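Just below is one structure, and these are the notes that go with it.
Protein chains in written order, with the working numbering: chain A, 10 to 327; chain B, 10 to 327.
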């Protein structure tokens, strides 16, 4: 799972502090860096998939690995509202891996790239003990219009796309040796690229949900120096998650902190919510209002009208 | 060593063929991809340093690893004549690696970044069994002016910067347990960033020497659909290489096929050679003329007036 540990957050902060701060409007700390252009800004991001950490050959076909390596980067572009343009692919391959698996990864990646009209413009191949794919992806957005994590204001409504917790359910069922339709959410996540672009005229802030809603919402709140209130009963969960999680408590926990959803969390001011929801309905994008941004700088989850403690993942960042 | 095997070249070609060809002027196949802008083109490249493949902790300090990870990317930007702008850093770190080593890598990288006024704009951290650093670097060049591998013409003179073979000498002396001043060329290569930019008004083509002159020259010839003739006696080698290689034959072999020189090979038309050499002298850039581009599409190395067979590395590409 891709959950980031507290040590990694502090490591990233300390690593970045060694460098001179960049001139561009946004450097490290958002889903993408935003590099200013004359009419278009370029959003760039890098993400790696490592065997044994982010995938296993037992549950992923090589096509899936190729798909997911690009998908997680597209999700970062989606969170900025960027239109995907190009990517670079750095492969680290064990000596004994044949050409067949590499070509299968290329096919999985290529199908997704084609869907988003994205060009492979370069890359690198290294030997390594462990199979990994590191992709750098770039997209464009009209100058100054990129959706960052930090634009939210008190009173903004919080929307979540798709359903949450399915990727985590798949991991759990795999461990118990069970087959599941949720597996598709784990091995072939769908980045919400169109939704991100659609959101630009309505939204004030957005983030992609890779580490679980609780953690990613906390990131948005911290960046915006605000808090949030989320109604757990309103979280969008699939019928399969509700049925197979074992308990309502566990379903809620996975929806909040399971990770790898690759959905979007979008903050929309109240007076634009109706128009935003209409635009989503017209484009077949499923979104649900789950909470609100608050002035108090803490995140409160409510269930049946009662505030409950922040679930696993959240207190790492408190 | 970073020598690319024939299997890797064919793998890259086959991998790239799975994707739609990109719209930008240059996609995969050069030192960088060139992405067109209104006044400036952006050159982007990605390169990885993997423990046990590209470095060992025995011979590299963590500062060196950070330096080299960025330097090899700067060398690709140099080969395009690009001015470095920004980079992304993806770290894959074993669990047991402490914060100290990561900070040391950051310091080595940061010192080089500062020298070239380059901003760290983003990155990624993953767990992995093997330490590796994958850097994506970008630079800019005036529109349409990037130096590619494919612009050479018959009669162009070939220039090489610095000295060749020292990085390979260091590997050999390490194996024999000997200390060497050439080690600095292996652990802290100097990318020829200023020389690359200086070359733009004079040169027709350029490539950086990462896989050895023989192999990289063959790449330039293939991209330009031409051949070349190189005088081995004119290759720039250090006094240390001449003294410690064991034989003149081995010194020549390492200069031609040792790899990891991170010098530039530059093709300059005859009527601009004098001005190019004057410009280099003014800027303190050491270059030496070593051969000429020919119409016959093969690479010939001459020694004492006799043509000799292409050394190891070259026939992989024939």
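Think of the CB as a built atom: it goes at the ideal place given N, C-alpha and C, for glycine as much as any other residue. It should be emphasised that the depicted structure is a prediction, and the values quoted were computed from it without experimental measurement.
Separation of residue 196(B) from residue 180(B), as counted between CA atoms: Counting from 1 along the second chain, the entry for residue 180(B) is found at position 171. Counting from 1 along the second chain, the entry for residue 196(B) is found at position 187. In this structure, the straight-line span from the alpha carbon of residue 180(B) to that of residue 196(B) is close to 10 Å.
For residue 228(A) and residue 79(A), what's the separation of their Cα atoms in angstroms? Your numbering for residue 228(A) matches position 219 in the first chain. Your numbering for residue 79(A) matches position 70 in the first chain. So the two alpha carbons sit approximately 23 Å from each other.
Less than 7 Å between C-beta atoms, sequence neighbours within five positions excluded: which residues of the same chain meet that for residue 194(B)? In the second chain, residue 194(B) corresponds to position 185, counting from 1. The answer, listed in chain order, is 175, 176 and 179.
Contact under 8 Å by Cβ, residue 19(B) with residue 101(A): Residue mapping note: residue 19(B) aligns to position 10 of the second chain, counting from 1. Residue mapping note: residue 101(A) aligns to position 92 of the first chain, counting from 1. Contact: no.
Would the beta-carbon of residue 108(A) fall within 8 Å of that of residue 22(B)? What you label residue 108(A) is simply residue 99 of the first chain in a count that begins at 1. What you label residue 22(B) is simply residue 13 of the second chain in a count that begins at 1. In this structure, the beta-carbon distance from residue 108(A) to residue 22(B) does not fall below 8 Å.
So that I know if they touch, is there some Cβ in chain B lying closer than 8 Å to that of residue 232(A)? For this step, residue 232(A) is matched to residue 223 along the first chain. Taking Cβ atoms only, chain B never reaches closer than 8 Å to residue 232(A), which makes this a no.
Contact check, residue 156(B) vs residue 125(B), beta carbons under 8 Å: Within the second chain, residue 156(B) is the residue found at index 147, counting from 1. Within the second chain, residue 125(B) is the residue found at index 116, counting from 1. Cβ atoms of residue 156(B) and residue 125(B): not closer than 8 Å.
Use the C-beta contact count for residue 315(A): other C-beta atoms within 10 angstroms, 16 or more gives buried, fewer gives exposed. Residue 315(A) sits at position 306 when you count from the first residue of the first chain. Classification of residue 315(A): exposed, given that the 10 Å Cβ count is below 16.
Given that residue 282(A) touches chain B, what residues does it touch there, using C-beta distances under 9 Å? In the first chain, the residue the question calls residue 282(A) occupies position 273. Correct list: empty, because the minimum Cβ distance to chain B is about 31 Å.
Should residue 54(A) be listed as close to the ligand HEM, given that the test is whether its C-beta is under 7 Å from any heavy atom? This structure lacks the ligand HEM, and indeed carries no ligand of any kind.
According to DSSP, simplified to helix, strand and coil, what is residue 294(A)? Taking the first chain and counting its residues from 1, the one referred to as residue 294(A) is at position 285. In this structure, residue 294(A) counts as coil in the three-state DSSP scheme.
Where do the ends of the beta strand (DSSP E) carrying residue 187(A) lie? For the purposes of this step, residue 187(A) is taken as the residue at position 178 of the first chain. From DSSP, residue 187(A) is part of no beta strand (DSSP E); its letter is neither H nor E.
Given a cut-off of 8 Å, decide if residue 239(B) and residue 299(B) are closer than it, judged by their beta-carbon atoms. For the purposes of this step, residue 299(B) is taken as the residue at position 290 of the second chain. For the purposes of this step, residue 239(B) is taken as the residue at position 230 of the second chain. In contact: residue 299(B) and residue 239(B) (Cβ atoms closer than 8 Å).
State the CB to CB distance for the pair residue 302(B) and residue 161(B), rounded to an integer number of angstroms; the pair is presumed to be in contact (CB under 8 Å). Along the second chain, one-based indexing puts residue 302(B) at 293. Along the second chain, one-based indexing puts residue 161(B) at 152. Confirmed, Cβ separation roughly 5 Å.
Could you tell me whether the Cβ of residue 216(A) comes closer than 8 Å to any Cβ of chain B? As a working note, residue 216(A) is residue 207 in the first chain. Chain B, which has no Cβ nearer than 8 Å to the Cβ of residue 216(A), makes this no.
Fully enclosed by the segment 21 to 104 of chain A, which alpha helix (DSSP H) runs are 4 residues long or longer? Correct list: 71 to 89.
Give me the Cβ distance between residue 62(A) and residue 137(B), rounded to the nearest whole Å; I'm assuming they're in contact under 8 Å. To locate residue 62(A), count along the first chain from 1; it is residue 53. To locate residue 137(B), count along the second chain from 1; it is residue 128. Rounded, the Cβ-Cβ distance is 6 Å, consistent with contact.
Out of 30(A), 252(A), 213(A) and 283(A), which one is the CA nearest neighbour of residue 128(B)? Taking the first residue of the second chain as 1, we reach residue 128(B) at position 119. When C-alpha distances from residue 128(B) are compared across 30(A), 252(A), 213(A) and 283(A), the shortest belongs to 30(A).
If we ignore side chains and look at the alpha-carbon of each, how far apart do residue 48(A) and residue 152(A) end up? Position 39 of the first chain, counted from the first residue, corresponds to residue 48(A). Position 143 of the first chain, counted from the first residue, corresponds to residue 152(A). If I take the Cα positions, the gap works out to 5 Å.
I believe residue 211(B) touches residue 310(B) by the beta-carbon criterion, under 8 Å. Please report the beta-carbon distance rounded to the nearest angstrom. Within the second chain, numbered from 1, the residue matching residue 211(B) stands at position 202. Within the second chain, numbered from 1, the residue matching residue 310(B) stands at position 301. Rounded, the Cβ-Cβ distance is 25 Å, inconsistent with contact.
Partners in chain A for residue 55(B), counting only beta-carbon separations shorter than 7 Å: Along the second chain, one-based indexing puts residue 55(B) at 46. Contacts between residue 55(B) and chain A, judged by CB atoms closer than 7 Å, involve 97, 99, 131, 132, 133 and 145 in chain order.
Within chain A, partners of residue 169(B) - CB distance below 7 Å: The residue you call residue 169(B) lines up with position 160 of the second chain. In chain order: nothing, as chain A lies at least about 24 Å away.
Answer yes or no: does any C-beta atom of chain B fall closer than 8 Å to that of residue 228(A)? Along the first chain, read from residue 1 onward, the residue named residue 228(A) stands at position 219. It does not; no Cβ of chain B falls within 8 Å.
Coarse secondary structure for residue 172(A), derived from DSSP in three states: Start at 1 with the first residue of the first chain, and residue 172(A) comes out as number 163. Residue state, collapsed to three classes: coil.
Looking at the structure shown, is residue 240(A) part of a helix, part of a strand, or coil, going by DSSP? Counting from 1 along the first chain, the entry for residue 240(A) is found at position 231. Annotated three-state conformation of residue 240(A) is strand, per DSSP.
Contact the segment 90 to 97 of chain B vs the segment 58 to 78 of chain B: 3+ CB pairs below 8 Å: Three or more beta-carbon pairs separated by less than 8 Å are not found between the segment 90 to 97 of chain B and the segment 58 to 78 of chain B, which leaves the two stretches without contact.
Would the beta-carbon of residue 292(B) fall within 8 Å of that of residue 167(B)? Counting from one through the second chain, the residue named residue 292(B) turns up at place 283. Counting from one through the second chain, the residue named residue 167(B) turns up at place 158. Going by C-beta atoms, residue 292(B) is not nearer than 8 Å to residue 167(B).
Whose C-alpha, out of 58(A), 221(A) and 43(A), is nearest the C-alpha of residue 148(A)? The residue you call residue 148(A) lines up with position 139 of the first chain. Per the Cα distances, 43(A).
For residue 301(A), the residue or residues it bridges with in DSSP: Reading the first chain from its first residue, position 292 is the one you call residue 301(A). According to DSSP, which records beta bridges pairwise, residue 301(A) is partnered with 166(A) and 238(A).
Whole-angstrom distance between residue 53(B) and residue 236(B), CA atom to CA atom: Against the second chain, residue 236(B) aligns to sequence position 227. Against the second chain, residue 53(B) aligns to sequence position 44. Each residue's CA atom was taken as its position, placing residue 236(B) and residue 53(B) some 28 Å apart.
Does DSSP put residue 108(B) in a helix, a strand or coil? Working through the second chain from its first residue, we reach residue 108(B) at position 99. Taken through DSSP and simplified to helix, strand or coil, residue 108(B) comes out as helix.
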